[in-house]
Amino acid sequence: MNYTNSSVSWNETNSGETYDYKASVPRLRVMGKFNFHFTKSDNFDAYAAFGAGYGSFKLVTETNDPNYIFTEISNPIPVSIRFAVGARYFFNDNLGLNLEFGVFGGALINGGISYKI
1 MNYTNSSVSW NETNSGETYD YKASVPRLRV MGKFNFHFTK SDNFDAYAAF GAGYGSFKLV
61 TETNDPNYIF TEISNPIPVS IRFAVGARYF FNDNLGLNLE FGVFGGALIN GGISYKI
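Residue numbers (our numbering): 1 to 117.
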């Protein structure tokens, strides 16, 4: 599951009046993820991953410009997918680091600490 919100704001002066604008794109994704482990040893584990599930986004604008007309944009089909490759390296029996590169449905690069029981 991940949630992101990207936004930009600016102002413009038109006919002596200054107007403020803000546009944001909130996204929510909830996916099940399946890993295929193609290399595994005591310390190294490489995998390919596929995820699919719910995904939503919409473009939201805010302004004090009375003449600004905007139609909200959102995804018509709330589906999200993800393809990734990654690896985990364990320093000992339980603790390691992971790194994953993916497209669609999330961050381009993920990394963190892995713990196994």
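Note that beta-carbon positions come from the ideal geometry of N, C-alpha and C, so glycine has one too.
Could you tell me which of the options sits nearest to residue i, measuring between CA atoms?
| i | options | result |
| --- | --- | --- |
| R88 | G53, S114, I109, V103 | S114 |
| F91 | V30, F70, N43 | N43 |
| H37 | A48, L108, P78, S6 | A48 |
| N14 | V79, L99, N67, E72 | N67 |
| T61 | V85, T4, T39, D20 | D20 |
| L59 | E72, N2, N110 | E72 |
| S56 | Y3, K116, I117 | Y3 |
| A52 | N5, I117, R29 | R29 |
| T39 | I117, V85, L108 | V85 |
Residues in the same chain with beta-carbon distance under 8 Å from residue i, minus the five sequence neighbours each way, listed in chain order, please.
| i | result |
| --- | --- |
| S7 | K22, A23, S24, V25 |
| N64 | Y19, D20 |
| S74 | S56, F57, K58, L59 |
| L121 | The structure shown does not extend to residue 121, since the chain is modelled only from 1 through 117, so no value can be given for it. |
Between residue i and residue j, how many whole angstroms is the CB-CB distance? I'm expecting something under 8 Å.
| i | j | result |
| --- | --- | --- |
| F34 | F83 | That belief does not hold up - the Cβ atoms of F34 and F83 are roughly 11 Å apart, past 8 Å. |
Given that a residue counts as buried once 16 or more other Cβ atoms are within 10 Å of its Cβ, and exposed if not, what is residue i?
| i | result |
| --- | --- |
| G32 | exposed |
| D93 | exposed |
| G112 | exposed |
| G96 | buried |
Looking at residue i and the ligand MG, is the gap between the Cβ and the nearest heavy atom below 7 Å?
| i | result |
| --- | --- |
| P26 | This structure lacks the ligand MG, and indeed carries no ligand of any kind. |
Residues in the same chain with beta-carbon distance under 7 Å from residue i, minus the five sequence neighbours each way, listed in chain order, please.
| i | result |
| --- | --- |
| F70 | T61 |
Between which residues of its own chain and residue i is the CB-CB distance below 6 Å, once the five residues before and five after are set aside?
| i | result |
| --- | --- |
| N110 | E100 |
| Y54 | V30, P78 |
| W10 | Y21 |
| R27 | T4, F57 |
| E12 | Y19 |
Problem set entry | Three-pair Cβ contact test at 8 Å for the stretch 96-115 versus the stretch 71-83 | With the cut-off at 8 Å, the stretch 96-115 and the stretch 71-83 touch.
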